[in-house]
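Taken in sequence, the protein lines are chains A and F.
In terms of the numbering used here, the first sequence has 138 at position 138, counting the first letter as 1, and numbering is strictly consecutive.
In terms of the numbering used here, the second sequence has 72 at position 72, counting the first letter as 1, and numbering is strictly consecutive.
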Amino acid sequence: MEYSYYPGCSAHSTGLELGLSTEATFHHLGLKLNELPDWNCCGATSAHSLNHTLSLALPARNLALAQEAQRDLVIPCAACYNRLRSADHAMRRDPNTRAEIEAAAGMRYTGAVAIRPLLAVVAEDVGLAGLRRHVVRPLAGLKVVSYYGCLLVRPPAVVQFDNPDDPQVMPAVVRSLGAEVLPWSHATDCCGGGVSLTRADIVASLVGTLAERAREAGAQAFVSACPLCQMNLEMRQHGKHKLPSFYFTELMGLAFGLPEAEKWWTKHLIDPRPLLRSLGLVGSPAQTVAVA
Amino acid sequence: MSYGPDRILRMISLDQQQEILRSRDIWLCAGCYTCATRCPNDIDIAAVMDALRQIVVARGNPAGERDALLFHRLFLGVVQRVGRSHEAAMLGLFKVLSHVPIYKDMGSGARLFLRGKVPLLPENTRAAAEVQQIFKRSR
């Protein structure tokens, strides 16, 4: 299988390990990701806060690139996914908006590209059985809560993915890797997103609540699918015992036994290696066999 | 927040423009779509918040959270010039221009830098020229 790939700015910077683990796991699964040539920033929160046309025209240019490539467009970042779906939705629904965005973005909208979150591609195209076949190091003993945040599941009419109140896809994916995914009620609560830089106090309070609830549920770590969430979970968590947070793609790489995974852990602001070591999930291949 | 989304909507019905447009609320809304998704009257509250911010900017009014507007402007300023976001430039400018004390987040910033997550140079892409045109046409 081959896909068009829109990494988004974060996967090349603050969410580096999301990009690295996405590319490594897809390569391992034999799925080809063709990065859109000369893609641009989706505009994220700032564009839709200040300029409606711009907020749809920026993602629309990337849609135009994907139209040319004629393949499903895979997006690892929840915020980028949300913005590209928003542009697609706006142009699909209303001819006037469509004309306005086409003019601003300098493109012709065909509506022919399926825009898909990375998580959906993993769950649907690889499938849970497919994932299990690739697991050489089951994540036995690892207890996590899955954390979606907002933009992957809301607004539901636009993003059309999973259940916005009680999402099921990420827990199923992570369970198929051998980890235990605990039930909790905060999977789609907001982390504060882009407010992080200007009002760190608010985000620290939201993230603090998330960590407290995750711990109450019995989790040793979060699993996330969004570089903004991951950043806030790692940067705005205070206190002595912080909960590490993984991208689900990192857990895939770990369970697949990819040697590159060791490089991802060093990118984290909250080092997940003490936890992984305590469970015997990092170390030499010899140990791996013993654990598996 | 001073009001919360429900009261902001009521204030709109009552045409309390000054109070709404001066409020911090519209800048503290993270656009999480929780209220919009659950609204029993099916009001897209997140879109309303976007519209209110856009009205403040269009009228040239001061923002209820000055740094929030500064952040958005710097973010988009960088995207306009290089076609993609570039944290080093944006964060540097924000540190100098915002009211957030300059020492705040310096530790995390340094740790991100050491992990190779804040590249010093922006990515070189041909998108930049086209993106500049999009900004021009979206005014």
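Where a beta carbon is used, it is the ideal one built from N, C-alpha and C, also for glycine.
Treat the numbers as computed from the prediction; the structure is a model and nothing was measured.
Using beta carbons (cut-off 8 Å, strictly below), is residue i in contact with chain A?
i, result
"F/Tyr121", "Rather than Tyr, the amino acid found at residue 121 of chain F in this sequence is Leu. Chain A contact via Cβ: absent."
"F/Cys32", "yes"
"F/Leu9", "no"
"F/Ile134", "yes"
"F/Glu19", "no"
"F/Ala68", "yes"
"F/Gln213", "What is shown of chain F runs 1 to 139, which leaves residue 213 of chain F out entirely."
"F/Leu93", "no"
"F/Ala127", "yes"
"F/Ser2", "no"
"F/Ser138", "yes"
"F/Leu76", "yes"
"F/Ile43", "no"
On the DSSP bridge assignment, give the partners of residue i in chain order.
i, result
"A/Ala221", "A/Val144"
"A/Glu35", "A/Tyr5"
"A/Tyr247", "A/Ser224"
"A/Glu180", "A/Lys143"
If the criterion is Cβ atoms closer than 8 Å, does the pair residue i and residue j meet it?
i, j, result
"A/Leu73", "A/Ser4", "yes"
"A/Val308", "A/Arg175", "Given that chain A is displayed from residue 1 to residue 292, the structure contains no residue 308 of chain A and the question cannot be resolved."
"A/Ala60", "A/Ile101", "yes"
"F/Ser13", "A/Cys41", "no"
"A/Gly192", "A/Ala44", "no"
"A/Arg154", "A/Val203", "no"
"A/Ala123", "A/Val173", "yes"
"A/Leu36", "A/Tyr81", "no"
"A/Met1", "A/Leu31", "yes"
"A/Ala105", "A/Ala66", "no"
"A/Asn34", "A/Ala69", "yes"
"F/Arg126", "A/Asp38", "yes"
"F/Leu74", "F/Leu93", "yes"
"A/Thr249", "A/Ser21", "yes"
"F/Val48", "F/Val131", "no"
Against chain F, does residue i count as a neighbour if the rule is that its beta carbon must be under 8 Å from one of theirs?
i, result
"A/Asp94", "no"
"A/Gly19", "no"
"A/Phe248", "no"
"A/Val291", "Residue placement at A/Val291 cannot be trusted, given a pLDDT of 45 that sits under 50; what the coordinates show is reported in the next sentence. So no, A/Val291 is outside the interface."
"A/Asp88", "no"
"A/Pro227", "no"
"A/Thr266", "yes"
"A/Ala103", "yes"
"A/Arg199", "yes"
"A/Trp39", "yes"
"A/Asn51", "yes"
"A/Ser176", "no"
"A/Pro167", "no"
"A/Cys77", "no"
"A/Gly47", "Just to set this straight, residue 47 of chain A is Ala in the shown sequence, not Gly. Chain F, which has a Cβ nearer than 8 Å to the Cβ of A/Ala47, makes this yes."
"A/Pro156", "yes"
How is the alpha helix (DSSP H) around residue i delimited, first residue to last?
i, result
"F/Pro40", "Here F/Pro40 belongs to no alpha helix (DSSP H), and DSSP marks it neither H nor E."
"F/Leu74", "66 to 82"
"F/Glu87", "87 to 97"
"A/Ala200", "200 to 216"
"A/Thr45", "44 to 50"
"A/Asn82", "78 to 93"
"A/Pro272", "Taken as a continuous stretch (DSSP letters only), A/Pro272 belongs to no alpha helix (DSSP H), as it is neither H nor E."
"F/Ile102", "That residue, F/Ile102, is in no alpha helix (DSSP H); it is neither H nor E in DSSP."
"A/Gly280", "Unbroken run through A/Gly280: none, as it is neither H nor E."
"A/Leu16", "16 to 28"
"F/Lys136", "127 to 137"
"F/Gln17", "17 to 22"
"F/Ser13", "5 to 13"
Going by DSSP, what residue range makes up the beta strand (DSSP E) through residue i?
i, result
"A/Ile115", "115 to 117"
"A/Val74", "73 to 75"
Is residue i close to chain C, meaning its C-beta is less than 8 Å from at least one C-beta of that chain?
i, result
"F/Phe113", "Structure shown: chain C not included; protein chains present are A and F."
Closest to residue i by CA distance: which of the options is it?
i, options, result
"A/Pro164", "F/Ile26, F/Cys32, F/Leu69", "F/Cys32"
"A/Ser146", "A/Val158, A/Tyr109, A/Cys226, A/Asn82", "A/Cys226"
"A/Cys77", "A/Val113, A/Pro117, A/Gly111", "A/Pro117"
"F/Ala110", "F/Pro101, F/Leu91, F/Thr125, F/Leu97", "F/Leu91"
"A/Val135", "A/Cys190, A/Leu254, A/Gly106, A/Ser13", "A/Leu254"
"F/Ala36", "F/His72, F/Ser85, F/Pro101, F/Gly4", "F/Gly4"
"F/Asp42", "A/His238, A/Pro156, A/Cys9", "A/Pro156"
"F/Leu9", "F/Trp27, F/Ile134, F/Leu28, F/Leu52", "F/Leu52"
"A/Leu297", "A/Cys9, A/Tyr6, A/Ser46", "Because chain A is modelled from 1 through 292, residue 297 of chain A falls outside the range shown and cannot be assessed."
"A/Leu29", "A/Pro167, A/Ala179, A/Arg133, A/Asp162", "A/Arg133"
"A/Ala217", "A/Lys143, A/Leu84, A/Gln160", "A/Lys143"
"F/Gly77", "F/Ala68, F/Asp67, F/Ala89", "F/Ala89"
"A/Val126", "A/Met231, A/Pro259, A/Thr25, A/Leu281", "A/Thr25"
Just checking residue i against the ligand SAH - is the residue's beta carbon closer than 7 Å to any of the ligand's heavy atoms?
i, result
"A/Leu243", "The model on display carries no ligand, and the ligand SAH is accordingly not part of it."
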